[in-house]
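So the structure is just underneath, and the comments pick up after that.
Numbering (my numbering), first residue to last: 5 to 312.
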């Protein structure tokens, strides 16, 4: 089991070692920077109760961030964990789409189909990933920065990782503002330029070499914050619409059956969806087996059933 987890931690594509290393490096760099640069300057190396609270909250963020990252990477979301039939089950979803290409896409995606790469029959919503070199159960997308696919079993950890990364960056930005105020005594146009455009401020002599490094870290945290917020909003919209990223690109809406947002959250994150954000170790299995889903009968042939 331990050997299998180690293998899952290693990206199948060697080219993804660089973005994965970059992700881990940024996490470590921010933790070290906040602990050994920001907090000592703000509190003047005096161990106060405020600094203790900052440390407790900071380590809680790190625990959730690293925990969800690790579980996302070691969770096997491929079809190798299920028993696939030798013969393809009878197709039961027939689209009424007027465009033949769109009809073929929906017909193929909403039924069991044969994967020529894996040489096995795979269930609906499963797609082959050419980077992971295997079919992924309810394939959403391949995350280059983590070096693995996001699918049926690990999307919970992926979402929590994004949310806690965003919370951590917001927290860092708040500390950076306190640090800047403590360092310069006020917010000025020079400080704003240094944070938003550190190299420009350095070229025009507004900051020194050490301040350039600090400004780069501060500006990077702001840009990453906005980027990760965009990813979170994007993923929430997909969950609300009962879609994966692949289905959004292919304009497939057959799994939108009119359920409310809370029901869609339970389908993806399980019955205890409201607790998973607080601890990555909380058990909350997504509904279903990853192979059968409710479909919108308005998009299918009247003789079709509602379950595949």
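Virtual Cβ for every residue (Gly too), placed ideally from N, Cα, C.
Nearest CA to the CA of residue 141: which residue from 111, 26 and 86? Minimum Cα distance to residue 141 is reached at 86.
Residues sharing a beta bridge with residue 139, DSSP: Per the DSSP secondary-structure output, residue 139 pairs in a beta bridge with 132.
State yes or no: is the C-beta of residue 111 within less than 8 Å of the C-beta of residue 284? No, these two residues do not count as a Cβ contact at 8 Å.
Residues that DSSP places opposite residue 152 in a beta bridge: Answer is 147.
Residue 126 - containing beta strand (DSSP E), residue span: 124–126 is the extent of the beta strand (DSSP E) around residue 126.
Sufficient close CB pairs (3 or more, under 8 Å) joining the stretch 75–95 to the stretch 47–62: Because the criterion of three Cβ pairs below 8 Å is not met, the stretch 75–95 and the stretch 47–62 do not touch.
Nearest neighbour of residue 226, chosen from 29, 84, 181 and 53 [CA to CA]: Ranked by how close their Cα comes to the Cα of residue 226, the residues 29, 84, 181 and 53 have 181 in first place.
Could you pull the start and end residues of the beta strand (DSSP E) that residue 117 belongs to? That run of the beta strand (DSSP E) goes 117–119.
Can you tell me the Cα-Cα spacing of residue 129 and residue 37, whole angstroms? Take the alpha-carbon of residue 129 and the one of residue 37: they are about 42 Å apart.
Report yes if the CB atom of residue 232 is closer than 8 Å to the CB atom of residue 148, and no otherwise. Between residue 232 and residue 148, the CB-CB gap reaches or exceeds 8 Å.
Is the beta carbon of residue 158 sitting closer than 8 Å to the one on residue 224? Cβ atoms of residue 158 and residue 224: not closer than 8 Å.
Own chain, CB closer than 7 Å to residue 89, minus 5 neighbours either side, in chain order: Hits under 7 Å: 125.
Since I believe residue 280 is in contact with residue 267 (beta carbons under 8 Å), could you give me their beta-carbon distance rounded to a whole number of angstroms? Rounded to whole angstroms, the Cβ separation of residue 267 and residue 280 is 16 Å, and the two are not in contact under 8 Å.
Which partner residues does residue 82 have in the DSSP bridge list? BP columns for residue 82 point to 140.
I'd like the ranges of any alpha helix (DSSP H) spanning at least 4 consecutive residues and lying wholly in the stretch 44–81. Qualifying alpha helix (DSSP H) stretches, in chain order: 53–78.
Is residue 236 helix, strand or coil by DSSP? Assigned with DSSP and collapsed to three states, residue 236 falls in helix.
Three-state class that DSSP yields for residue 275 in the structure shown: Note: residue 275 maps to coil in three-state DSSP.
Between the alpha carbons of residue 155 and residue 29, how many angstroms are there, rounded? The alpha-carbon atoms of residue 155 and residue 29 are separated by roughly 25 Å.
What is the DSSP secondary structure of residue 114, counted as helix, strand or coil? Residue 114 sits in coil when the DSSP states are folded into three classes, being neither helix nor strand.
If you drop the 5 nearest sequence neighbours on each side, which residues of the same chain put their C-beta closer than 7 Å to that of residue 249? So the qualifying residues of the chain are 144, 145 and 242.
Spatial distance of residue 116 from residue 240 (CA atoms): Linking residue 116 to residue 240 through their CA atoms gives a straight-line distance of about 27 Å.
Proximity of residue 43 and residue 58 at Cβ, strictly below 8 Å: Yes; because the gap between Cβ atoms is below 8 Å, this pair is in contact.
What distance in whole Å lies between the Cβ atoms of residue 270 and residue 300, which are believed to be in contact at a cut-off of 8 Å? Between residue 270 and residue 300 the Cβ distance is about 18 Å, and since that is not below 8 Å, they are no contact.
Output yes or no for whether 8 Å exceeds the beta carbon distance between residue 236 and residue 113. For residue 236 and residue 113, no; Cβs fall outside 8 Å.
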